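Below: the structure, in structure tokens.
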Amino acid sequence: MSGRRELALLGGEPLYSKPLYLTRPLVPDEARFHELIATIFRNRWFTNDGEMLRELEKRLALRLGVDSCTTFCNATIALQVALRSLDLRGEVITSPFTFPATVHAIEWTGLTPVFCDIDPATYNFDPASAAEWIGANTCALLPVHVFGNPCDVVGIEKLAGARGLRVVYDAAHAFAVSHLGRPIGVWGDLSVFSFHATKLFHTAEGGAVVGGDPDRLKLLRNFGILNEEVVRGSGLNGKLSELHAAMGLTVLEKVDEEIAARGRLTQAYRERLEDLPGVHFQRTPADHVPNNGYFSLEIDADEFGLSRDQVHRTLRAENILCRKYFFPLCSENEAYRHLPSADPARLPNAHRLAARILCLPLFGDLGMDNLERIAECVRAARAGAERIRRETALR
Ligand SMILES: *Cc1c(COP(=O)(O)O)cnc(C)c1O
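All letters in the sequence shown, in the order written, are residues 2 to 396 by our numbering.
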């Protein structure tokens with residue numbers, strides 16, 4: 002392509018006239034969705050433990066291979082309720098290489114976030130680094146299965162067991178993943194899934210807590226209301242509506258097709274990019290079933306000839322909406338950067354990675370032709386690295 006077409010960054014026409022998105026929500030069968038909505042109208046029951054919600058929770062527990070699945074209006078609230086349900090006090094150790102909600106949930110629950118470093122190959126919470134931060138006030142670990150890649154669940158279990166800590170997993174990316182022959186949701190005390198529209202499985206907005214005591218979780222989700230006359234403790238409103246549950250029921254029918262389609266695209270991306278010097282991939286364990294939720298590249302600027310930011314700019318100029326996930330790190334947020342554990346010197350792997358990761362567009366109906374064009378753009382960036390460096394330095 003470099004011979005045939007000038008890169009948009011260097012003055013050529015953009016490859017796409019309209020944005021090619023990073024992800025697009027899975028669209029369920031519309032007729033089926035309308036059927037369920039008609040039932041909701043007939044029942045005249047829009048929220049509060051309705052028929053759709055009960056059915057969704059039952060089917061999700063089956064699909065996720067867990068005893069119980071308690072849905073919420075989103076994963077951020079679900080994380081807060083998960084932490085709250087364990088009656089924790091003090092510090093929770095988490096990864097800075099995550100979506101802001103992970104850390105905010107700790108803070109909003111009145112707990113103190115403490116950052117540990119990540120494993121440079123898996124991008125996940127490093128139990129060895131976490132061990133250095135465990136002190137008298139530590140009450141829990143909150144690791145994240147980044148891009149659906151299972152954490153070192155055995156190492157984390159050992160550490161938590163030895164130090165008497167609870168474990169809550171942020172499994173927002175890990176729908177339907179399994180590891181060591183077991184569903185991802187069985188590890189730790191609780192796991193939290195996100196059903197936001199940009200996630201693999203979604204209810205438009207939504208989330209769920211897996212594990213724990215479902216009665217306690219339901220109480221916290223509904224103001225603490227036990228019955229007409231008893232309000233037990235302090236709860237919030239974290240309920241998922243019947244309309245969202247209907248969305249989930251119809252999306253669930255298509256999710257395995259979506260996982261398979263993304264799997265084929267992931268394979269195609271790898272084949273087209275793995276020989277490129279300076280391009281590395283996230284290391285995943287052999288014994289896991291992936292969900293193909295994200296496709297990330299790790300760009301080594303010395304080998305590639307361009308930094309991640311320069312590749313990002315090159316693709317963005319073509320209207321390819323790749324993303325720097327997760328940049329900036331949560332530890333750089335003004336709300337947290339004063340924390341001793343937010344010191345960049347203590348988070349070398351996380352800082353290095355946040356400057357190297359680029360997520361490429363991935364969704365079931367992306368299309369192989371689009372994928373080929375995106376991969377070709379990355380290859381063209383590498384081939385034209387010297388010119389890009391020279392000409393963009395002038396601007
Ligand atoms: C999306 C996401 C969340 C928050 O999910 P919501 O359902 O949007 O509240 C939390 N953690 C991670 C890692 C996420 O990617």
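Idealized CB from N, CA, C, for every residue including glycine.
Predicted, not measured: the structure shown is a model, and the values here were computed from it.
For residue i, I'd like the list of residues in its chain whose CB is within less than 8 angstroms of its CB, leaving aside the five on either flank, ordered along the chain.
i, result
"Leu354", "Phe98, Ile119, Pro121, Tyr124, Glu299"
"Asp214", "Ser86"
"Phe73", "Ala79, Val82, Gly207, Gly208, Ala209, Val210, Arg222, Gly239, Lys240, Leu241"
"Cys378", "Met2, Leu8, Leu16, Thr315, Leu316, Glu319, Ile321"
"Arg60", "Leu250, Leu253"
"Trp46", "Glu52, Glu243"
"Gly236", "Leu220, Leu221, Arg222, Asn223, Phe224, Gly225, Ile226"
"Pro29", "Met248, Thr251, Val252, Glu254, Lys255"
Nearer than 7 angstroms: is that true of the beta carbon of residue i relative to any heavy atom of ligand 1?
i, result
"Gly1", "The structure shown does not extend to residue 1, since the chain is modelled only from 2 through 396, so no value can be given for it."
"Ser195", "yes"
"Asn125", "no"
"Asp171", "yes"
"Ala76", "yes"
"Thr103", "yes"
"Thr99", "yes"
"His180", "no"
"Lys200", "yes"
"His174", "yes"
"Val82", "no"
"Val187", "no"
"Val211", "no"
"Val154", "no"
"Val413", "Residue coverage of the chain in this structure runs from 2 to 396, which leaves residue 413 outside it and unanswerable."
"Val168", "no"
"Val252", "no"
"Val256", "no"
"Val290", "no"
"Val67", "no"
"Val145", "yes"
For residue i, tell me which candidate among the options has the shortest Cα-Cα distance.
i, options, result
"Pro345", "Leu330, Arg357, Ala336, Phe42", "Leu330"
"Thr204", "Asp288, Arg273, Ala76, Leu160", "Ala76"
"Phe34", "Ala351, Leu244, Asn350", "Leu244"
"Asn417", "Asn320, Arg217, Leu54, Phe364", "No answer is possible for residue 417: the residues shown for the chain start at 2 and end at 396."
"Val154", "Ile226, Ala132, Leu181, Asn228", "Leu181"
"Glu56", "Val280, Ala172, Ala247", "Ala247"
"Ala131", "Pro26, Ala32, Leu160", "Leu160"
"Arg273", "Tyr337, Trp46, Glu158, Leu361", "Leu361"
"Pro128", "Ala137, Pro144, Thr139", "Pro144"
"Arg324", "Cys70, Thr103, His339, Tyr295", "Tyr295"
"Leu348", "Ser332, Leu54, Trp109, Ile358", "Ser332"
"Ala356", "Glu108, Glu275, Asp301, Leu89", "Asp301"
"Arg380", "Val115, Asp276, Leu54, Asp310", "Asp276"
"Arg383", "Glu229, Val280, Asn44", "Val280"
"Leu367", "Trp134, Gly306, Tyr270, Ser342", "Tyr270"
"Trp188", "Phe194, Tyr170, Arg43", "Tyr170"
"Asp216", "Ser69, Ile260, Arg388", "Ser69"
By Cβ distance below 6 angstroms, which residues in the same chain neighbour residue i in space, the five residues on each side in sequence not counted?
i, result
"Thr393", "none"
"Thr113", "Glu92"
"Arg167", "Leu87, Ala141, Asp190"
"Ala351", "Pro97, Phe98, Asp118, Ile119, Leu330"
"Val147", "Tyr124, Asn125"
"Ala262", "Gly365"
"Gly267", "Note that residue 267 is Thr in the sequence shown, not Gly. For Thr267, where only same-chain residues beyond five positions count, the Cβ hits under 6 angstroms are Asn293, Phe296."
"Gly186", "Leu65, Val67, Ser192, Val211"
"Pro278", "Glu304"
"Ala175", "His146, Gly149, Ile185"
"Ile94", "Val115, Cys117, Ala131, Trp134, Leu142"
Name, in chain order, the residues that DSSP records as bridge partners for residue i.
i, result
"Asp171", "Val145, Val193"
"Asn223", "Asn238"
"Arg208", "In the sequence as presented, Arg is not what sits at residue 208; that position holds Gly. For Gly208, which the question treats as bridged, DSSP gives the partners Phe73, Ser195."
"Cys183", "It is worth fixing the name first, because residue 183 is Arg in this sequence and not Cys. Bridge partners of Arg183: His180."
"Glu299", "His281, Ile358"
"Val28", "Its beta-bridge partners do not exist; DSSP assigns none."
"Leu307", "According to DSSP, Leu307 bridges with nothing at all."
"Leu16", "Bridge partners of Leu16: none, in fact."
"Glu392", "None; Glu392 has no bridge partner."
"Val232", "Ile226"
"Phe116", "Thr95"
"Phe126", "Ile119"
Apart from the five residues just before and just after residue i, which ones in its own chain have a Cβ nearer than 7 angstroms to its Cβ?
i, result
"Pro291", "Gly149, Val178, Thr285"
"Ala137", "none"
"Ala102", "Ala76, Thr77, Leu80"
"Trp109", "Gln81"
"Arg90", "Cys140"
"Ala376", "Tyr270, Arg273, Leu274"
Given 8 angstroms, three or more beta-carbon pairs between the segment 274 to 294 and the segment 133 to 151: yes
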